[in-house]
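S.K.: Residue numbers for the sequence shown follow this note's numbering, so the first one is 7 and each next one is one higher.
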Amino acid sequence: MDICRIPVLSDNYIFLLYDSARSQAAVVDPAEAEPVLAALESLGAKLVAIFNTHHHHDHIGGNRQLKQAFPDLCIYGGVGDRGRLPGQDVFLQEGDRLQFGDRPAQIFDVPGHTRAHIAYYFPPIQPDQPGELFCGDTLFSGGCGRLFEGTPAQMVASLDKLRNLPDHTRIWCAHEYTQNNLKFALTIAPQCLAIQGRYQEVQSYRQAGQATIPTWLDVEKQTNLFLQWDDPALQAAMDTTDPIQAFSRLRGRKDQF
Ligand code: ZN
Ligand code: FE
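Right under this line is the structure:
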């Protein structure tokens, strides 16, 4: 399975999964149809699936047009998003499994950004292969999604599921927010060498016009404050010893940043 990144709108990524043996493709969160159709054309691939993570327009905007172009394709999304995902065919929940090409995937319920948000995780099928996580607007590089429909406790539980995946997992977040997230992180933890180093790296990527996505789970565990609710250093910075409150206050500070 090859994964291509298609930048759309101001800072979204559509991810195109390509099974070259079968000339079949799937897309994660198609904000728009045209760039997907162009990519399929150049690959000579047929679109067989859309994997939606949640109902926001910048993740589903291309659903209808892609289904018109490929009437047999199957649109997957969370069961809790029934009625909110155009053309949805399959209603997924925690623990469900699906297959694309030679790669099985498992579904996580990750509410918080929205109440029905799901993530798609493709575990490695060979020893040295990375896992692939498509997490929409739940986990970003250096950050996490805003809490539109969920509580801090829900988001912490969701992020904890993702944090428990193997370190050697690539994180395909739906937005290029990394630079700003790390700039914020340095206002909270200015002395953190890991965050400083990551910020330098990300700045040079962006200056060269390169994407910072995918990121790696082990990098995020070291540099993403939104995965550190149980770290005494973050709790001290947030003036609390309660992990949920530390997360909640951090999220509140970011909302004001
Ligand atoms: Zn969203
Ligand atoms: Fe989004």
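Glycine included, every Cβ here is placed at the ideal spot set by N, Cα and C.
Would you call the region 89-97 and the region 133-153 touching, i.e. three or more CB-CB distances under 8 Å?
M.R.: The region 89-97, when compared against the region 133-153, does not touch it at the 8 Å Cβ threshold.
S.K.: I need the straight-line Cα distance from Ser48 to Gln251, nearest angstrom please.
M.R.: About 49 Å.
S.K.: May I ask whether a heavy atom of the ligand FE can be found less than 7 Å away from the beta carbon of Ala217?
M.R.: It does not: the Cβ of Ala217 is nowhere closer than 7 Å to a heavy atom of the ligand FE.
S.K.: Following a CB-centred definition, is His119 positioned closer than 7 Å to any heavy atom of the ligand ZN?
M.R.: True, at least one ligand heavy atom lies under 7 Å from that Cβ.
S.K.: Decide if Pro220 is buried, meaning its Cβ has at least 16 other Cβ atoms within 10 Å, or exposed.
M.R.: When all chains shown are included, Pro220 counts as buried.
S.K.: Does the contact criterion of 3 or more C-beta pairs under 8 Å hold for the region 33-45 versus the region 8-16?
M.R.: Yes, the region 33-45 is in contact with the region 8-16.
S.K.: The ligand FE heavy atoms versus the CB of Ala180: any closer than 7 Å?
M.R.: Flag set: Cβ of Ala180 near the ligand FE.
S.K.: Name the one or two DSSP bridge partners that Val162 has.
M.R.: Partner(s): none; Val162 has no beta bridge.
S.K.: Taking 7 Å as the cut-off, is the C-beta of Gly101 nearer than that to any heavy atom in the ligand ZN?
M.R.: No - the ligand ZN has no heavy atom lying nearer than 7 Å to the Cβ of Gly101.
S.K.: Who are the Cβ neighbours of Asp248 in its own chain at under 6 Å, not counting the five residues just before and after it?
M.R.: Once the five neighbours on either side are set aside, Asp248 has no close Cβ partner at all.
S.K.: Please name the residue, chosen from Gln234, Cys141, Ala217 and Gln206, that lies closest to Thr120 on a Cα-to-Cα basis.
M.R.: Answer by Cα proximity: Cys141.
S.K.: Quick check on Gln112: does DSSP put it in helix, strand or coil?
M.R.: DSSP places Gln112 in strand when its eight states are reduced to three.
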